[in-house]
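J.: Residue numbers (this note's numbering): 167 to 365.
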């Protein structure tokens, strides 16, 4: 009787420690890189991100520097990034968007991506999943809108507005969005130049 009770207790304690450990790991997020302006230093700090970006480029054709410029702009390399929550006095209101993670992928298009590419081990909080998502979506933009994968400015406009939104042309009148797209374009080209000099 005592042996059985001890065995059950030990088993339950083991499961409890495992659950606590998994929760602790799930709560840990990779910190943003120390110098996000230099892609060589980003990849030196997080070599797995380079492997993830190369894998996404190989699969979808979108260059590493473009993918990483999108991540920098969308989330600042923060795994759990999401839009700020508006407040009314002291009452938190619903977020204006379901965007989440490194790529700021919204719920509907993320579900579509997972449906087409399998959902096991896919998470918007994982750099590999986010880069693969960006590759998938920019490939779709290329196929449907004819935008070159080497054109960071227009790829970003279509990514931000969605394919239908880009087609509508409303972005042409959004000065702030056009400025942001120019910044992404500049960063992608800067990253590209840095990559050629990485050691």
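Glycine included, each C-beta is placed from N, C-alpha and C at the ideal position.
With a threshold of 8 Å, are at least 3 pairs of Cβ atoms found where one atom belongs to the stretch 331 to 338 and the other to the stretch 223 to 236?
T.: no
J.: Could you check the C-alpha separation between residue 328 and residue 287 for me, to the nearest Å?
T.: The count along the chain shown starts at 1 and reaches residue 328 at position 162. The count along the chain shown starts at 1 and reaches residue 287 at position 121. The alpha-carbon atoms of residue 328 and residue 287 are separated by roughly 25 Å.
J.: Please say whether residue 307 and residue 279 have beta carbons closer to each other than 8 Å?
T.: Residue 279 sits at position 113 when you count from the first residue of the chain shown. Residue 307 sits at position 141 when you count from the first residue of the chain shown. Contact flag unset, no.
J.: With DSSP collapsed to three states, give me the class of residue 322.
T.: Within the chain shown, residue 322 is the residue found at index 156, counting from 1. Residue state, collapsed to three classes: helix.
J.: Evaluate residue 238 with the Cβ neighbour count: other Cβ atoms within 10 Å of its Cβ, from every protein chain shown; 16 or more gives buried, anything less gives exposed.
T.: The residue given as residue 238 occupies position 72 in the chain shown. Classification for residue 238: buried.
J.: Are residue 347 and residue 311 touching if we call contact CB-CB under 8 Å?
T.: Residue mapping note: residue 347 aligns to position 181 of the chain shown, counting from 1. Residue mapping note: residue 311 aligns to position 145 of the chain shown, counting from 1. Not closer than 8 Å, so no.
J.: What distance in whole Å lies between the Cβ atoms of residue 292 and residue 276, which are believed to be in contact at a cut-off of 8 Å?
T.: Reading the chain shown from its first residue, position 110 is the one you call residue 276. Reading the chain shown from its first residue, position 126 is the one you call residue 292. So it is not a contact: roughly 12 Å between Cβ atoms.
J.: Tell me, to the nearest whole angstrom, how far the beta carbon of residue 196 is from that of residue 271; I am working on the premise that it is less than 8 Å.
T.: Indexing the chain shown from 1 puts residue 196 at position 30. Indexing the chain shown from 1 puts residue 271 at position 105. Actually they do not touch by this definition, with Cβ atoms about 17 Å apart.
J.: Which class does residue 303 belong to by DSSP, given the choice of helix, strand or coil?
T.: For the purposes of this step, residue 303 is taken as residue 137 along the chain shown, with counting starting at 1. In this structure, residue 303 counts as helix in the three-state DSSP scheme.
J.: So is residue 201 buried or exposed if we call it buried at 16+ other beta carbons inside 10 Å?
T.: Residue numbering aside, residue 201 sits at position 35 when the chain shown is read from its first letter. When all chains shown are included, residue 201 counts as exposed.
J.: What did DSSP end up calling residue 222 once you bin it into helix, strand or coil?
T.: Position 56 of the chain shown holds residue 222. Residue 222 carries a helical assignment under DSSP once its states are collapsed to helix, strand and coil.
J.: For residue 271, which three-state DSSP category applies?
T.: The residue labelled residue 271 in the question sits at position 105 within the chain shown. Strand.
J.: Using the rule of at least 16 other Cβ atoms within 10 Å of the residue's Cβ for burial, across every protein chain shown, is residue 229 buried or exposed?
T.: Indexing the chain shown from 1 puts residue 229 at position 63. Answer is buried; the Cβ neighbour count reaches 16.
J.: Starting from residue 241, trace the alpha helix (DSSP H) in both directions and tell me its first and last residue.
T.: Taking the first residue of the chain shown as 1, we reach residue 241 at position 75. From DSSP, the alpha helix (DSSP H) with residue 241 extends over 230 to 241.
J.: Taking the Cβ atom as the reference point for each residue, do residue 321 and residue 219 lie within a distance shorter than 8 Å?
T.: By one-based count along the chain shown, residue 321 stands at place 155. By one-based count along the chain shown, residue 219 stands at place 53. Cβ atoms of residue 321 and residue 219: not closer than 8 Å.
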